[in-house]
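As C-alpha cells, the structure follows; a few thoughts come after it.
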Amino acid sequence: FLVVALGSETNFFGMADVEKNAYTMKTLNDAVMLRNRVIDMLEQAENETNPILRKSFLNFVVVGGGFAGIETAGEIMDLLLDARKYYPTIYKEDLKVIVLEAMGEILPGFNKKLADFAKKKLVERGIDIQLKKVVTSFDGNEVTIKTLDETPKDSIDQSEINSIITKTLIWTAGVTPVNTIKRSMFKTEKGKLIVNDFLEVQKFPGVFAIGDCALFVDPITNRAFPPTAQIAEAQAKIAAKNLISLIKNSDQEKFVYRSKGQMATIGKRSGIATFLGVNISGFVAWLIWRNVYLSKIPTFDKKIRVLLDWIIDLFFDRDISRLKLMKREAEKE
Numbered sequence: 278f279l280v281v282a283l284g285s286e287t288n289f290f291g292m293a294d295v296e297k298n299a300y301t302m303k304t305l306n307d308a309v310m311l312r313n314r315v316i317d318m319l320e321q322a323e324n325e326t327n328p329i330l331r332k333s334f335l336n337f338v339v340v341g342g343g344f345a346g347i348e349t350a351g352e353i354m355d356l357l358l359d360a361r362k363y364y365p366t367i368y369k370e371d372l373k374v375i376v377l378e379a380m381g382e383i384l385p386g387f388n389k390k391l392a393d394f395a396k397k398k399l400v401e402r403g404i405d406i407q408l409k410k411v412v413t414s415f416d417g418n419e420v421t422i423k424t425l426d427e428t429p430k431d432s433i434d435q436s437e438i439n440s441i442i443t444k445t446l447i448w449t450a451g452v453t454p455v456n457t458i459k460r461s462m463f464k465t466e467k468g469k470l471i472v473n474d475f476l477e478v479q480k481f482p483g484v485f486a487i488g489d490c491a492l493f494v495d496p497i498t499n500r501a502f503p504p505t506a507q508i509a510e511a512q513a514k515i516a517a518k519n520l521i522s523l524i525k526n527s528d529q530e531k532f533v534y535r536s537k538g539q540m541a542t543i544g545k546r547s548g549i550a551t552f553l554g555v556n557i558s559g560f561v562a563w564l565i566w567r568n569v570y571l572s573k574i575p576t577f578d579k580k581i582r583v584l585l586d587w588i589i590d591l592f593f594d595r596d597i598s599r600l601k602l603m604k605r606e607a608e609k610e
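Each residue of the sequence shown is one higher than the one before, starting from 278 at the first, in this note's numbering.
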C-alpha cells in the first residue's frame, strides 16, 4: 500500500526573477524569514536619507488576494504598526502595504459580503488593495505590473504597465504540484494525480493520493476541489479508513466532502468566517478562528503554551527581536 501526500510548491508561473527575489508564505520558516525582513527594512529606513531608497524599504507588496495573501498583508501591517514606536523617524504615513490581485475581487472563495467587509477593514488599516493587477517581473528593487482590461480590443496589447519600488515582494499567488508527481508513473492532469471516489490513484489499486497533489472532482459542481488544509484533512481520514478496509478485505468508503466553514484573519483582533452556514465578521469571527486553531494543536501542553502566548500578547508589547531560522537559507538582498 502507498499514500501519496507530497503537497504542493509555490507557483511562480515561469518568472525566474520573481522566484529568485520574492519571499513566499508556505512554511513556518518562510514566516520567520519575512518577519526578520520587515524588521530589517525598518532598521535600514530609520537611518536612510535618500527618500526614494527609504520608500523602497517601507513599501511591502503582497501578490495574491486569496487566504494567504490577505492574512499575510494584515499581519505585516500589524507588525509594522506595533514596531513603529521603536523607530522615531518613521511615521504611520510612511508605511505602505500593497496587495496585488489579478481577479476583480479578493477572497474569491468567500461569501461576497464577507469579502467586501474584509476589504473595507483592510483599507481602513491603510492597506492598498489593487485589483486586476498582474506582476510581470521583480528584480529585487522594483516590481513591474500590468493592469488587466477585460474590454474588447484589437490585436495590439494596450494594457497599462506601471511599477512600484520595493525591496520586499511576498508571493502568495498560487501553488503547483511538486515535480516528483509530474515525473511519476501515475496518470496526472494539471500535474495532479487523478483519483477515484475512494481516493485511489487511477489504475493503481491500493495507492492513495490526498491533499494538494490529488485531483478529485466534486460530483456536485463538476470542478476540482481547491488545495485547502480542511479538504486535505478530510481526505486523510477517509484514506486511513480505506487502508484499514483493504487490510480487512472489507468495503471501502467513498469520499464525500462536507465543508465545516471558512475562516480568515484580516488584522489585529478582526476576522471573517462562515461557520455552520452563518456569516460572521469582526471580533467574534477572530475568536472563533482562534478557538478552531487551538483545537487543531495536537497535545495539551502545546495548547497551554500557545494560549499563554496569546494572553501575554494581549497585555504586553510585541517582541520585535530577530528570530533564528530553523534552517539556514540564503536571505534576499
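Where is the CB? At the ideal position from N, CA and C, for every residue including glycine.
Here the alpha carbon of Lys-332 sits roughly 25 angstroms from the alpha carbon of Ala-293. For Val-340, the uninterrupted beta strand (DSSP E) segment begins and ends at 336-340. For Lys-396, the enclosing alpha helix (DSSP H) starts and ends at 389-401. For the pair Glu-370 and Leu-335, the Cα-to-Cα distance works out to about 10 angstroms. In the assembly as shown, Pro-496 is an exposed residue. Its beta-carbon has fewer than 16 other beta-carbons within 10 Å. Using a Cβ distance threshold of 8 angstroms, Leu-357 and Leu-377 do not count as a contacting pair. Contact between the stretch 523-536 and the stretch 295-315 is not established, with fewer than three Cβ pairs separated by less than 8 angstroms. Assigned with DSSP and collapsed to three states, Asp-294 falls in helix. Out of Ala-322, Ala-308 and Gly-386, the CA that lies nearest to the CA of Gln-539 is found in Gly-386.
Rounded to the nearest whole angstrom, the C-alpha separation of Met-462 and Gly-468 is 12 angstroms.
For the pair Asn-473 and Lys-444, the CB atoms are not nearer than the 8 angstroms cut-off.
Counted as a single uninterrupted DSSP element, the stretch harbouring Asn-526 is not any beta strand (DSSP E), since DSSP gives it neither H nor E. In the structure shown, Ala-345 falls within a helical segment according to DSSP collapsed to helix, strand and coil. Here the C-alpha atom of Val-280 lies approximately 18 angstroms from the C-alpha atom of Thr-505.
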